[in-house]
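Residue 128 in my numbering is what sits at position 12 of the sequence shown, and the numbering runs on without skipping anything. Note that beta-carbon positions come from the ideal geometry of N, C-alpha and C, so glycine has one too. Since the structure is predicted, the reported quantities are computational estimates derived from the model, not experimental observations.
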Amino acid sequence: MGIAEKLLNIQQELKAPKSQRNDFGNFSYRSCEDILEAVKPLLKANNCVLTISDELVNIGERYYIKATATLSSVEEMGGIISNSAYAREPAEKKGADLSQITGACSSYARKHALNGLFCIDDQKDADTTNNGKKDAKATKTQIKRLKELYTDIPAMLDYYKLEKLEDMAKETAEGLIVAKERLNEKGAN
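Written out as structure tokens, the structure is:
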């Protein structure tokens, strides 16, 4: 069995529920650790190894963490499939420890590299948590708060493939707000 078929098997069998809960934002999410715990038995069953690496990359005037998730077949020489994702450190580091900021970026990039490799749609459950309001958009309060917390809104819009902040999903906006506030809280302690 080739690496592509093994990846297909893993993608079909992988169940990584959103077992983490954000009570402040009233939503559930999955972490990088949740994905890794769920995939380990499938790696063994398909005789594969998963590695994740980080690289600091300079793009323009900014630094990004590039995380690469690589699935390798134990049996097939050269049987490798990889996926990469990027996360950027904020321009301002208000009270946050530099290692915490880098660590948060690494975790975010790794989670999204795994999402891409294993076809995990992080937006999948957003509609079901909106109480029937399909595609609920960010509120004016959320948009205002995003502008206060984040310095590079154009990069955010580009990442989420949006024309303007008003097009962002309510759940996504809330997740970004909560994540940034928690990061700022941790940095203040």
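Cβ neighbours of residue 182 within its own chain (closer than 6 Å, five residues either side excluded): 171, 173, 200 and 202. With 16 or more other Cβ atoms inside 10 Å of its own Cβ, residue 230 counts as buried. Here the stretch 144-158 does not lie against the stretch 190-199, with fewer than 3 beta-carbon pairs under 8 Å apart. Here the stretch 254-261 lies against the stretch 283-290, with 3 or more beta-carbon pairs under 8 Å apart. Residue 223 carries a helical assignment under DSSP once its states are collapsed to helix, strand and coil. In this structure residue 155 is in contact with residue 234, their Cβ atoms being roughly 7 Å apart against a cut-off of 8 Å. Scanning 236, 298 and 117 for the CA closest to the CA of residue 220 turns up 298. Around residue 131, the same chain offers 154 as residues with beta carbons nearer than 7 Å, after the five sequence neighbours per side are excluded.
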